[in-house]
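Take a look at the structure set out below.
Numbering (our numbering), first residue to last: 449 to 943.
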């Protein structure tokens with residue numbers, strides 16, 4: 449029985465329009481292959497980290513968090529048009545531990561905030577400052593060392609290898625061999641073996657997986673066409689030229705590297721060195737600095753009581769003031785006992801800034817409109833008692849969940865608010881939440897039809913047969929729509 453293999457270079461669908469592997473099938477396939485661990489190394493991002501980590505752990509698979517970063521050829525601050533087709537190399541980074549994970553986050557973040565030029569790039573200077581706790585692999589054919597070997601710049605390749613060796617040391621830098629069926633790769637492998645013998649840098653086998661199984665190569669090719677806006681018949685388009693970039697079995701990898709068994713063994717060694725534990729389900733709220741001698745709770749109570757008094761002073765019609773005061777005390781008791789006073793103060797601070805600058809804000813949206821404290825602080829403009837709104841729908845001590853206050857700002861001046869929050873609370877403590885656009889069934893049909901050069905009217909006819917229901921899949925549409933099913937059976941281009 450061969451030594452279990454660990455895939456250390458794997459792209460998922462979070463390598464947007466480049467990786468074709470979904471997390472759930474990846475983890476299930478790795479478990480079926482009886483491989484003990486797997487890494488994800490998406491292009492320039494860590495989008496899949498938490499879902500991958502939780503799913504892999506639940507399945508008994510060791511998750512290794514990594515990224516295929518883009519390395520600027522010079523400084524990451526140099527954003528001149530490149531002389532060649534691209535001005536960056538690829539490099540695989542894997543987090544060994546918590547320090548490495550934090551450094552990986554810093555590197556990727558710097559790539560977006562400082563080094564972005566077509567891609568989120570870092571450079572060797574930044575890498576040297578944040579290399580602790582990271583293991584590096586030399587990358588695919590677009591890595592610096594493989595690129596120089598392809599260009600037959602053998603001395604420069606050795607110099608580049610020595611650079612990475614100096615940054616990471618002999619135990620945390622590996623030369624990455626691949627058996628992907630490409631003639632160029634075979635030549636590069638020979639060059640990497642030569643560098644290994646010259647400098648003593650260990651070898652490791654990877655497969656640069658972009659799809660799950662060999663039969664998925666054609667679907668991945670279509671995905672590349674969607675990414676580049678080309679068609680399958682375009683002879684100049686981006687294509688990988690191989691069907692070998694799938695999640696291979698340990699037996700397949702052992703056979704491919706039968707003359708270099710240490711390259712297989714090293715995958716397990718690296719996996720053993722990666723011991724990252726990500727603390728999940730721990731609430732870490734930001735800190736609001738209150739003026740002395742206040743505590744968070746006492747400052748919130750003071751502001752809320754002052755705010756309620758001001759609100760009630762302008763109240764029109766009959767007023768049951770004791771009812772308001774009882775409701776305020778009840779809400780404050782709940783908020784403070786659950787540890788959310790600081791959260792309310794931060795939201796109050798943001799809204800106060802916006803109003804002080806005459807930035808238009810929304811009156812209140814969602815369950816937070818049921819909070820009298822939010823109304824008293826000026827976070828919302830709706831009196832919850834006047835409309836019989838329940839505070840418990842927003843925050844309930846019997847059902848512990850984080851408060852969620854939606855704040856709406858004028859689109860034209862929204863950036864002013866973001867700048868204020870960033871300056872006050874620190875750039876390292878402020879982030880915008882990402883959203884992912886996905887292709888629905890109809891959009892996927894239209895995109896694939898375009899890529900396959902199928903006439904538009906034919907594609908349009910097929911797309912219109914997809915039922916207009918939320919979360920509709922193509923498989924579900926085939927099962928539910930007889931006309932689509934019949935069309936699929938009679939015309940191969942549809943099925």
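The beta-carbon is built from N, C-alpha and C at its ideal position, and this holds for glycine as well. Because the structure is a prediction, the values reported are computed rather than measured.
Pairwise C-alpha distance: residue j and residue i
| i | j | result |
| --- | --- | --- |
| residue 793 | residue 558 | 30 Å |
| residue 841 | residue 738 | 28 Å |
| residue 860 | residue 809 | 12 Å |
| residue 542 | residue 489 | 8 Å |
| residue 926 | residue 818 | 45 Å |
| residue 902 | residue 728 | 47 Å |
| residue 732 | residue 712 | 40 Å |
| residue 750 | residue 758 | 12 Å |
| residue 769 | residue 775 | 10 Å |
| residue 825 | residue 835 | 18 Å |
| residue 663 | residue 591 | 27 Å |
| residue 872 | residue 571 | 29 Å |
| residue 545 | residue 580 | 9 Å |
| residue 680 | residue 518 | 27 Å |
Nearest candidate by alpha-carbon position, reference residue i, set the options
| i | options | result |
| --- | --- | --- |
| residue 691 | 684, 665, 678 and 700 | 665 |
| residue 598 | 636, 617, 561 and 908 | 636 |
| residue 791 | 845, 853 and 814 | 853 |
| residue 831 | 549, 803 and 762 | 762 |
| residue 461 | 455, 471 and 872 | 471 |
| residue 485 | 500, 495 and 494 | 500 |
| residue 429 | 821, 743, 538 and 696 | Examination of residue 429 is not possible in this model, given that the chain is present from 449 through 943 alone. |
| residue 561 | 536, 495, 917 and 525 | 525 |
| residue 523 | 512, 537 and 511 | 537 |
| residue 510 | 719, 894, 751 and 918 | 719 |
| residue 708 | 781, 801, 605 and 626 | 626 |
| residue 647 | 608, 868, 750 and 827 | 608 |
| residue 848 | 746, 730 and 689 | 730 |
| residue 909 | 921, 886 and 935 | 935 |
| residue 869 | 795, 694 and 839 | 795 |
| residue 521 | 862, 539 and 545 | 539 |
| residue 863 | 740, 745, 805 and 518 | 805 |
| residue 698 | 477, 918, 619 and 781 | 477 |
Whether residue i touches residue j by CB criterion (8 Å)
| i | j | result |
| --- | --- | --- |
| residue 568 | residue 492 | yes |
| residue 855 | residue 798 | yes |
| residue 552 | residue 582 | yes |
| residue 481 | residue 715 | no |
| residue 744 | residue 704 | no |
| residue 907 | residue 922 | no |
Whole-Å CB distance - residue i paired with residue j, under 8 Å assumed
| i | j | result |
| --- | --- | --- |
| residue 534 | residue 507 | Not quite, the Cβ-Cβ distance comes to about 37 Å (not below 8 Å), so this is no contact. |
| residue 628 | residue 656 | 6 Å |
| residue 913 | residue 929 | 5 Å |
| residue 899 | residue 673 | 4 Å |
| residue 410 | residue 554 | Only positions 449 to 943 of the chain appear in this structure, which leaves residue 410 out of reach. |
| residue 549 | residue 724 | 5 Å |
| residue 497 | residue 513 | 5 Å |
| residue 865 | residue 801 | 7 Å |
| residue 1023 | residue 886 | Because the chain here runs from 449 to 943, residue 1023 falls outside it and cannot be looked at. |
| residue 515 | residue 556 | 6 Å |
Chain C within 8 Å of residue i, Cβ atoms only
| i | result |
| --- | --- |
| residue 737 | Given the protein chain composition of this structure (a single chain), no chain C is represented. |
Own chain residues within Cβ distance below 8 Å of residue i, not counting five before or after
| i | result |
| --- | --- |
| residue 767 | 760 |
| residue 877 | 734 |
Beta-carbon proximity list for residue i, same chain, < 6 Å, skipping 5 on both sides
| i | result |
| --- | --- |
| residue 644 | 623 and 651 |
| residue 696 | 655 |
Check: residue i C-beta below 7 Å from any heavy atom of the ligand FAD
| i | result |
| --- | --- |
| residue 615 | This structure lacks the ligand FAD, and indeed carries no ligand of any kind. |
Other residues of its chain near residue i: CB distance less than 7 Å, five sequence neighbours each side excluded
| i | result |
| --- | --- |
| residue 850 | 731 |
| residue 933 | 926 |
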